[in-house]
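K.L.:
In this note's numbering, the protein residues as written are 38 to 414. We put the beta carbon where it would ideally sit given N, CA and C, even for glycine. Only a predicted model underlies this, so the values are computations on that prediction, with no experimental measurement involved. Sharing a structure here in structure tokens format.
Shown next, in the form of structure tokens:
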């Protein structure tokens, strides 16, 4: 009987959309294997999916209110791990991973989830966010992981935290003038952010404003950006799967990191604008369902947790899709659920498991009544 009730409470739409996006990613990764004529990323991604789905299930088993007490310790642990990476061997000039033998663990993926949980725990009390001094703590909670991740260097991941902070403050009911102040503080910190960036990170931002779609083939980040737009354009409306290969020139399809950072381009080349539109629609449906779960939740920690998870995945998807068409800087950020990679897929599925966890809890936690914040700590 208990298992039956558990199955009935699962928001199967979230599960179905997750599976659909994973499938779209597998199709893109398979196309990347074909174009590269090397590697077997498709089979490896199947293994990661087989590990990620149990992670999603595990995240649903313990009621999320019981997980709340571990929010701050988990955030503290994530900061320690972000410091630990600086003592690990560099990989491609970056200190982002902790080698674990069979895989490399990326602490920034844990930091994103721990940050959302810690921020939800702090903002669930009205006196913590309705006064201006109370907003300094979440701002500091945000800047600590941002600074550490930026120095790895990992520009893409560091860009995620501020939009998530703003979304959760808005959901908590922070005063508009205080939100405006947060935006102004973020703008004021841009010069310091620029100074703290590596030469490579600065190059990626400069490239965004000096794009050249004609003339000599650019080098470095300019080459990545031109190739990503070209591979997308070669897909046309229906893609090479239906229309056939656009041109017989392997160099035109050469795209570094195609199965990780630029898997969206592979989907576009193989299935055209139609495939890209369907993928984006799946994301929109997932975000809409997540926000409906948040809107139906009275318990403050659960609502803020749901908003944070939606904001996290939405920000990643927007930045990744934007960089493939030259609207955002090339950041090396993966596309949630679709890109090849272990740490990212495991973290995303665990985060979605937390969202499902919020939706599944019975009683007063899921209702259509107005949302009320806690009054005491």
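Are three or more beta carbon pairs between the stretch 107-125 and the stretch 141-157 nearer than 8 angstroms?
P.N.:
yes
K.L.:
Apart from the five residues on each side of it in sequence, which residues of its chain come closer than 6 angstroms, Cβ to Cβ, to residue 390?
P.N.:
The count along the chain shown starts at 1 and reaches residue 390 at position 353. So the qualifying residues of the chain are 93, 96, 97.
K.L.:
For the stretch 314-390, which segments carrying the alpha helix (DSSP H) assignment without a break, of at least 4 residues, lie completely within its bounds, in sequence order?
P.N.:
337-361
K.L.:
Restricting to runs no shorter than 4 residues, where is the alpha helix (DSSP H) found entirely within the stretch 195-276?
P.N.:
198-209, 213-225, 227-233, 236-246, 258-271
K.L.:
In this structure, does DSSP put residue 153 in helix, strand or coil?
P.N.:
Position 116 of the chain shown, counted from the start, is the residue given in the question as residue 153. Here residue 153 sits in helix by DSSP.
K.L.:
With DSSP as the reference, identify every bridge partner of residue 128, one or two as the case may be.
P.N.:
Reading the chain shown from its first residue, position 91 is the one you call residue 128. Bridge partners of residue 128: 131.
K.L.:
Relative to the alpha-carbon of residue 378, which residue among 299, 322, 283 has its alpha-carbon at the smallest distance?
P.N.:
Walking along the chain shown from the start, residue 378 turns up at place 341. Minimum Cα distance to residue 378 is reached at 299.
K.L.:
In angstroms, rounded to a whole number, what distance separates the CA positions of residue 371 and residue 314?
P.N.:
Reading the chain shown from its first residue, position 334 is the one you call residue 371. Reading the chain shown from its first residue, position 277 is the one you call residue 314. Distance between the alpha carbons of residue 371 and residue 314: 18 angstroms.
K.L.:
Looking at residue 70 and residue 145, is the spacing between their C-beta atoms short of 8 angstroms?
P.N.:
Position 108 of the chain shown holds residue 145. Position 33 of the chain shown holds residue 70. At a Cβ-Cβ threshold of 8 angstroms, residue 145 and residue 70 do not count as neighbours.
K.L.:
Based on the DSSP output, what are the partners of residue 142 in its beta bridges?
P.N.:
Numbered from its first residue, the chain shown carries residue 142 at position 105. Bridge partners of residue 142: 135.
K.L.:
Give the secondary structure of residue 287 by DSSP, where H, G and I count as helix, E and B as strand, and everything else as coil.
P.N.:
Locating residue 287 in the chain shown gives position 250, where the first residue counts as 1. Reduced to three states, the DSSP call for residue 287 is helix.
K.L.:
Answer yes if the stretch 227-237 comes into contact with the stretch 278-296, meaning at least three C-beta pairs across the two stretches below 8 angstroms, and no otherwise.
P.N.:
Result no; under three Cβ-Cβ pairs closer than 8 angstroms.
K.L.:
Taking the continuous alpha helix (DSSP H) assigned at residue 55, which residues delimit it?
P.N.:
In the chain shown, the residue the question calls residue 55 occupies position 18. Element bounds for residue 55: 49-73.
K.L.:
Taking residue 187 as the reference, which of 205, 122, 137 has the closest Cα?
P.N.:
By one-based count along the chain shown, residue 187 stands at place 150. Measuring from the Cα of residue 187, the nearest candidate turns out to be 122.
K.L.:
For residue 205 versus residue 345, is the C-beta spacing smaller than 8 angstroms?
P.N.:
If you number the chain shown from 1, residue 205 lands on position 168. If you number the chain shown from 1, residue 345 lands on position 308. Yes, the pair counts as a contact, with Cβ atoms nearer than the cut-off.
K.L.:
Just checking my contact of residue 57 with residue 319 at CB under 8 angstroms: how many whole Å lie between their CB atoms?
P.N.:
Walking along the chain shown from the start, residue 57 turns up at place 20. Walking along the chain shown from the start, residue 319 turns up at place 282. Contact flag correct, Cβ pair sits at about 5 angstroms.
K.L.:
In or out: residue 124 buried (at least 16 other Cβ within 10 Å) or exposed?
P.N.:
As a working note, residue 124 is residue 87 in the chain shown. Exposed, by the Cβ-count rule.
K.L.:
Using three-state DSSP, classify residue 179 as helix, strand or coil.
P.N.:
Indexing the chain shown from 1 puts residue 179 at position 142. In this structure, residue 179 counts as helix in the three-state DSSP scheme.
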